[in-house]
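J.:
Here's what the structure looks like:
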C-alpha cells in the first residue's frame, strides 16, 4: 500500500539579487518596520520577477520557486529535471532543510538524507577511516551504524589499501568513490540526490546507478533524483517533474516529462516572415515566409495528433526564363531522428519564372506521435539534383496527445516515432 | 494515484517559512551527539597533523605569553601580583582568558566558516559551536596541566601550596567561561551572516577586552582608583579573579560579583540560542 511521504504545498522561495550592503540595510529596516512595528505584510514579498536569468528584470527580488505543489509516494523514484536555474537545486535545498521556503509548507514522513554533494565535511588531513566516520555522522548516521557498515563501505569504494592514509593523498577518483560509498550506505526512508553521478569513471557511475536502483527497488525507499543526464533519469525514475523558471510545468511518467522538457527548451517557431531586405537565401532564391498552420484555428500553441498539419512556404525567385524546381523539407523529432522527408521530387515536375513561389503541403493527421518536431532543412532543388538554396531549422512545432485517449490504460506517450493507430490487420486463427 | 491524503496523518517533519520563537531543538542536538564528538576529535586531530611537536604547541604558546607578561607588566610596569608568584599568576590568567577568547573567536565564525557544509547537508547547527567550545576545553585542560606543574614546582620551592575546597569552584568557573564564549560567539556569528562588519569588530574587541579584565594585573591593584568600578562591571572580571582565588586562595571576589556574572551568562546564552535558532534555518541565502 503506497502512502504519501512528501507533501509539498504552495512552496515559494524568493531571493534577493545583487550585493549586500547599505541598500539591504535600508530594506531590512523597512521590512522590520512593516512586519514588527506595524504588523503588516512584508512589503518585499509582493514584488519579484519570475526567475529567467537571461532577461534583465525589473525587481531586485526574484522567485526561484513559485507555488510548487506535488506529492511523492513511498517507494517512488522521482526525477526532477529542468534547465540550469529552473529551481531544482533550490527545491532540493528546501527539502533537505539547508534553507527555508519563503512561503508554503512541506510535510515529510520518515528520515531524510540529502546528497547534494558527495564528501561533505571531508577533511583533507584526516584518514579515509576517520573521514568515513565523520562524513557518515554528518549525513545522519550514528557511530554504531557506521561501524556495522564500515567494511561494506570500504569494499564498495575499493580503497582498502588507503584507508589509513589522509584523503588529501587520494586520487580525485578515489576520493569521490569513498565519498559516494559512505552516502550509498545511508539508510534513510527518503534519499535526496543531486547530480552526484556526474563524477567518477564510467564503471563507477554504473555502479552508483546500480546502487541507487537497488536502494529504490529492493528496499522500498523513496528517492528524489535531480540530474541533467536524461538517460539516468529515464533509467532510474518512474515519474518525473519538470521545473522551468521556478514553476512546475509538468509531473507525470518520465517519458512524457522528458519529452516535454525537450519541447519546452527547444523554442517552437510556428511561423517566420521576412521582407525583401532581410530575407535569407541567395541572389537566386530567397525565403519570404514559412509557417506550420492549424487547419481550423487561428490561435494555437500546439497540434493535436488528430490535426492535419499544413506546411506553407513562400519564396522569391529572381531568374530569367523558366526553371524546373522542387521543394524539399526534412522533419526531425526532438531526439534528432529524421522522421520524414517531404518533397515534390517524385510526383511533380513544375517550372517557375521570376516572381514568388508558394508551396503548400498537407501532412495528414494521426501519423506523427506526440513530440516536438523541427523542419530542420528546407531545400530548393533545380533539375532534380542541383540544390540552389538551403535553409536550416526553419520551423518547430509541437504535437500533443489528445486528452482522455489513453492507450489501453497506458498513461504515457505511445512509444515509437509514428503514432498510426489504426492500421488494417488481418487476424486468423487456424484451429485443428 | 492517491492524491487525497487525510490531514490527520502524522508527519515526522514539517518545513515552514518561520519557526516558533522558542525552537531550540536540544533533543535533536542530543541525537547528533556522535557527530558532536567527531567534530571535537576532528578539530583536535586535524590541527596537529604534519607537525612534530603536536599538542606540545599548547604549552609553548602560554609559556611565551607568560614570559612576555612577566617582562612588560612585571618588570617594566611594575604591577604587583597579589602576593602570588608572578609566573603562576600570569599563567592562570592567560589560561582562563585564552579559553574565553578562543571560544568567542571560533564560535563567532560558525556560519561563515562552515557555509560549505551547512549549504549541503542538514544537521543541528548548534553542534558546531558546541564542538568548538568542547575542543577548546581540551586545549584548556592541557594548559591547566602545565599550570599545575608550575604551581607544584613553586609549592615545593616555597613550601606553600594552596589546595582546598575552593578548587571545587574551578569546573564551575570554566563552564561559566565556556557559556560566556559560546553565548557571545553565537550572537556575533548570527550577526555576521549578513553584515561582515562584526567580524572586523570582534578581532580587536577581544584584544582590548583583555586589558579591561584583570588578566595581567590583580583587581586589588585598582582599589581606590576612579575607574576600578568599570573593571568590576565587566562580567568577565569576577570569573578571572574567582579562578585565581580558587587556585591560590587570593583574589578580590565575592558572591555578588559571581552571581552578577552568572546572570549575565544566562541572559547571553539564552539570547544567543534564540537568535541562532532563528537565523540558522535560512542563513544560506545571505551568507
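Chains as they are written, first to last, in this note's numbering: chain G, 109 to 540; chain U, 78 to 364. Quick reminder that beta carbons are idealized off the backbone N, C-alpha and C, glycines included.
1. Using the beta-carbon count (16 or more within 10 Å), is residue 536 of chain G buried or exposed?
2. Using a beta-carbon distance cut-off of less than 9 angstroms, what residues from the stretch 189 to 220 of chain G approach chain U?
3. Apart from the five residues just before and just after residue 209 of chain U, which ones in its own chain have a Cβ nearer than 6 angstroms to its Cβ?
4. For a quick check, are the C-beta atoms of residue 274 of chain G and residue 232 of chain G less than 8 angstroms apart?
5. Which chain G residues are close to residue 277 of chain U, counting only those with a beta carbon under 8 angstroms from its beta carbon?
6. If you measure between the beta carbons of residue 329 of chain G and residue 183 of chain G, is that distance less than 8 angstroms?
7. For residue 486 of chain G versus residue 421 of chain G, is the C-beta distance shorter than 8 angstroms?
8. For residue 312 of chain U, does the count of other Cβ atoms within 10 angstroms reach 16, so buried, or fall short, so exposed?
9. What residues from chain U crowd round residue 586 of chain G, counting only those whose CB sits closer than 7 angstroms?
10. Using 8 angstroms as the limit for Cβ to Cβ distance, is residue 368 of chain G near chain U?
11. Any idea which residues DSSP pairs residue 350 of chain G with across the strands?
12. How should residue 62 of chain U be labelled, buried or exposed, when 16 other C-beta atoms within 10 angstroms of its C-beta is the threshold for buried?
13. Taking the alpha carbon of residue 357 of chain U as the reference point, which residue from U/297, U/289 and U/264 has its own alpha carbon closest?
14. Could you check the C-alpha separation between residue 291 of chain U and residue 163 of chain U for me, to the nearest Å?
15. Does the Cβ of residue 413 of chain G have 16 or more other Cβ atoms within 10 Å, making it buried, or fewer, making it exposed?
16. Among G/395, G/241 and G/326, whose alpha-carbon lies nearest the alpha-carbon of residue 424 of chain G?
17. Under 7 angstroms, CB to CB, which of the residues in the stretch 224 to 236 of chain G have a partner in chain U?
18. Taking C-beta to C-beta, are residue 220 of chain G and residue 298 of chain G nearer than 8 angstroms?
19. Using DSSP's beta-bridge definition, name the partner residues of residue 507 of chain G.
20. Is residue 514 of chain G close to chain U? Criterion is C-beta to C-beta, closer than 8 angstroms.
21. So, for residue 362 of chain G: in the same chain, excluding its five sequence neighbours on each side, which residues have a beta-carbon less than 8 angstroms away from its beta-carbon?
22. 8 angstroms is my cut-off, CB to CB: does residue 496 of chain G come that close to chain U?
23. Using the Cβ count rule (16 or more neighbours within 10 Å means buried), how would you classify residue 317 of chain U?
24. Output yes or no for whether 8 angstroms exceeds the beta carbon distance between residue 433 of chain G and residue 490 of chain G.
25. Against chain G, with Cβ distances strictly below 8 angstroms, would residue 123 of chain U count as a contact?
26. Tell me the DSSP secondary structure of residue 343 of chain G in three-state form.
27. Which bits of chain G does residue 361 of chain U rub up against, with CB to CB less than 8 angstroms?
28. Could you give the C-beta distance for residue 222 of chain G and residue 109 of chain U, rounded to a whole number, given that I count them as a contact under 8 angstroms?
29. Can we say the stretch 353 to 367 of chain G touches the stretch 187 to 197 of chain G, given the rule of at least three CB pairs closer than 8 angstroms?
30. Between residue 255 of chain U and residue 287 of chain U, how many whole angstroms is the CB-CB distance? I'm expecting something under 8 angstroms.
31. Going by the CB atoms, is the gap between residue 400 of chain G and residue 418 of chain G shorter than 8 angstroms?
32. Using three-state DSSP, classify residue 424 of chain G as helix, strand or coil.
33. Who pairs with residue 593 of chain G in a beta bridge, going by DSSP?
34. Output needed for residue 202 of chain G: all residues of its chain with C-beta closer than 6 angstroms, excluding positions within five of it in sequence on either side, in chain order.
35. Round the Cβ separation of residue 503 of chain G and residue 368 of chain G to the nearest angstrom and send it over; I've been treating them as touching at under 8 angstroms.
36. Does residue 196 of chain U have its Cβ less than 8 angstroms from a Cβ in chain G?
T.: Taking the structure as given:
1. The count along the first chain starts at 1 and reaches residue 536 of chain G at position 428. Classification for residue 536 of chain G: exposed.
2. 201, 202, 203, 204, 205, 206, 207, 208, 209, 210, 211, 212, 213, 214, 215, 216, 217, 218, 219 and 220
3. As a working mapping, residue 209 of chain U is identified with position 132 in the second chain. Excluding residues within five positions, the ones whose Cβ falls inside 6 angstroms are 183 and 184.
4. By one-based count along the first chain, residue 274 of chain G stands at place 166. By one-based count along the first chain, residue 232 of chain G stands at place 124. Cβ distance < 8 angstroms, so residue 274 of chain G and residue 232 of chain G count as in contact.
5. Walking along the second chain from the start, residue 277 of chain U turns up at place 200. Near residue 277 of chain U there are no residues of chain G at all, since even the closest Cβ is about 15 angstroms away, more than 8 angstroms.
6. Counting from one through the first chain, the residue named residue 329 of chain G turns up at place 221. Counting from one through the first chain, the residue named residue 183 of chain G turns up at place 75. In this structure, residue 183 of chain G lies closer than 8 angstroms to residue 329 of chain G by Cβ.
7. Translated into the one-based positions of the first chain, residue 486 of chain G becomes position 378. Translated into the one-based positions of the first chain, residue 421 of chain G becomes position 313. Yes, Cβ-Cβ distance for residue 486 of chain G and residue 421 of chain G is below 8 angstroms.
8. Mapped onto the second chain, residue 312 of chain U falls at position 235. Counting Cβ neighbours within 10 Å, residue 312 of chain U comes out buried, since at least 16 surround it.
9. Here chain G has residues from 109 to 540 only, and residue 586 of chain G is not among them.
10. Residue numbering aside, residue 368 of chain G sits at position 260 when the first chain is read from its first letter. Chain U contact via Cβ: absent.
11. Position 242 of the first chain, counting from 1, holds the residue named residue 350 of chain G. Its beta-bridge partners are G/189 and G/358.
12. The structure shown does not extend to residue 62 of chain U, since chain U spans only 78 to 364, so no value can be given for it.
13. Here residue 357 of chain U is taken as the residue at index 280 of the second chain, counted from 1. Selected option, being the one with the closest Cα: U/264.
14. Start at 1 with the first residue of the second chain, and residue 291 of chain U comes out as number 214. Start at 1 with the first residue of the second chain, and residue 163 of chain U comes out as number 86. Straight across, the Cα-Cα distance linking residue 291 of chain U with residue 163 of chain U is about 14 angstroms.
15. Within the first chain, the letter at position 305 stands for residue 413 of chain G. It counts as buried.
16. Start at 1 with the first residue of the first chain, and residue 424 of chain G comes out as number 316. Measuring from the Cα of residue 424 of chain G, the nearest candidate turns out to be G/395.
17. 224, 225, 228, 229, 231, 233 and 234
18. Position 112 of the first chain, counted from the first residue, corresponds to residue 220 of chain G. Position 190 of the first chain, counted from the first residue, corresponds to residue 298 of chain G. Yes, the Cβ-Cβ distance between residue 220 of chain G and residue 298 of chain G is below 8 angstroms.
19. Here residue 507 of chain G is taken as the residue at index 399 of the first chain, counted from 1. Answer is G/411 and G/479, bridged to residue 507 of chain G.
20. The residue labelled residue 514 of chain G in the question sits at position 406 within the first chain. Confidence in residue 514 of chain G is poor, its pLDDT being 41 and thus under 50, which makes the residue's placement too unreliable to answer from.
21. On the first chain, position 254 is the one that residue 362 of chain G refers to. When the five nearest sequence neighbours on each side are left out, the beta carbons in the same chain lying within less than 8 angstroms of the beta carbon of residue 362 of chain G are those of 187, 341, 342, 345, 346, 347 and 348, in order along the chain.
22. On the first chain, position 388 is the one that residue 496 of chain G refers to. Output row for residue 496 of chain G: interface = no.
23. The residue labelled residue 317 of chain U in the question sits at position 240 within the second chain. Residue 317 of chain U should be labelled buried.
24. Mapped onto the first chain, residue 433 of chain G falls at position 325. Mapped onto the first chain, residue 490 of chain G falls at position 382. Yes.
25. Counted from its first residue, the second chain places residue 123 of chain U at position 46. Taking Cβ atoms only, chain G reaches closer than 8 angstroms to residue 123 of chain U, which makes this a yes.
26. On the first chain, residue 343 of chain G is found 235 positions in, with the first residue counted as 1. Helix at residue 343 of chain G.
27. One-based indexing of the second chain puts residue 361 of chain U at position 284. Here the neighbours are 201, 206 and 207.
28. The residue given as residue 222 of chain G occupies position 114 in the first chain. The residue given as residue 109 of chain U occupies position 32 in the second chain. Actually they do not touch by this definition, with Cβ atoms about 15 angstroms apart.
29. yes
30. Within the second chain, residue 255 of chain U is the residue found at index 178, counting from 1. Within the second chain, residue 287 of chain U is the residue found at index 210, counting from 1. Not quite, the Cβ-Cβ distance comes to about 17 angstroms (not below 8 angstroms), so this is no contact.
31. In the first chain, the residue the question calls residue 418 of chain G occupies position 310. In the first chain, the residue the question calls residue 400 of chain G occupies position 292. Yes, they are a contact pair.
32. In the first chain, residue 424 of chain G corresponds to position 316, counting from 1. Looking at residue 424 of chain G - three-state DSSP - the assignment turns out to be strand.
33. In the structure as shown, chain G begins at 109 and stops at 540. Residue 593 of chain G is therefore absent and cannot be evaluated.
34. Translated into the one-based positions of the first chain, residue 202 of chain G becomes position 94. The answer, listed in chain order, is 209.
35. Your numbering for residue 503 of chain G matches position 395 in the first chain. Your numbering for residue 368 of chain G matches position 260 in the first chain. With 8 angstroms as the limit, residue 503 of chain G and residue 368 of chain G do not qualify as a contact, their Cβ atoms being about 19 angstroms apart.
36. What you label residue 196 of chain U is simply residue 119 of the second chain in a count that begins at 1. Interface criterion met: the Cβ of residue 196 of chain U is under 8 angstroms from a Cβ in chain G.
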